[in-house]
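Position one of the sequence shown corresponds to residue 772 (this note's numbering), numbered consecutively onward.
For glycine and all other residues, C-beta sits at the position ideal for the given N, C-alpha and C.
Read through the structure below, which is laid out as structure tokens, and then see the notes.
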Amino acid sequence: MQELICGACETTVLVEKFSPSHTSIQWLDDAKHACPEFARFAAAGENVNAIPTCPALRETIEEAARSGRLATDSRRVEPTRGLPHPHRPDPTTPGE
């Protein structure tokens with residue numbers, strides 16, 4: 772997932788997008804407190820879990836994908852301490 776800052780409210784989220792129809796968003800803070808759009812729905816007593824996403828955030832994501840700031844062609848593999856990197860040989864394995 773890649774960090775992305777909403778162009779409307781500057782909330783930071785983590786995003787991954789592998790195709791036009793696939794977008795995953797991970798909120799770093801509670802959405803109803805971090806996003807003015809979600810806060811508006813919450814203040815009106817609506818269930819924010821039923822809201823698919825903020826239109827301004829969606830546009831920020833789409834623009835980042837169009838401009839190349841958000842990779843869409845492959846899954847990113849983040850290095851994890853203690854596990855070999857999937858694209859580098861494991862130095863403890865003979866012959867690699």
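Taking the alpha carbon of residue i as the reference point, which residue from the options has its own alpha carbon closest?
i, options, result
"residue 844", "789, 830, 823, 780", "789"
"residue 826", "777, 773, 772", "777"
"residue 830", "779, 797, 783", "779"
"residue 821", "809, 834, 840", "809"
Does residue i have its Cβ less than 8 Å from a Cβ in chain D?
i, result
"residue 796", "Absent here is chain D; the protein component of the structure consists of one chain."
Does the distance from the CB of residue i to the CB of residue j come in under 8 Å?
i, j, result
"residue 786", "residue 799", "no"
"residue 842", "residue 773", "yes"
"residue 819", "residue 836", "no"
How close, in whole Å, do the beta carbons of residue i and residue j come, if the pair is a contact with beta carbons under 8 Å?
i, j, result
"residue 824", "residue 805", "Not confirmed; about 13 Å, so no contact."
Q: Take every Cβ of the region 787-796, pair it with every Cβ of the region 807-816, and state whether three or more of those distances are shorter than 8 Å.
A: Contact fails: fewer than three Cβ-Cβ distances are below 8 Å.
Q: List in chain order: all unbroken alpha helix (DSSP H) runs of 4+ residues lying wholly within the region 811-850.
A: 826-838
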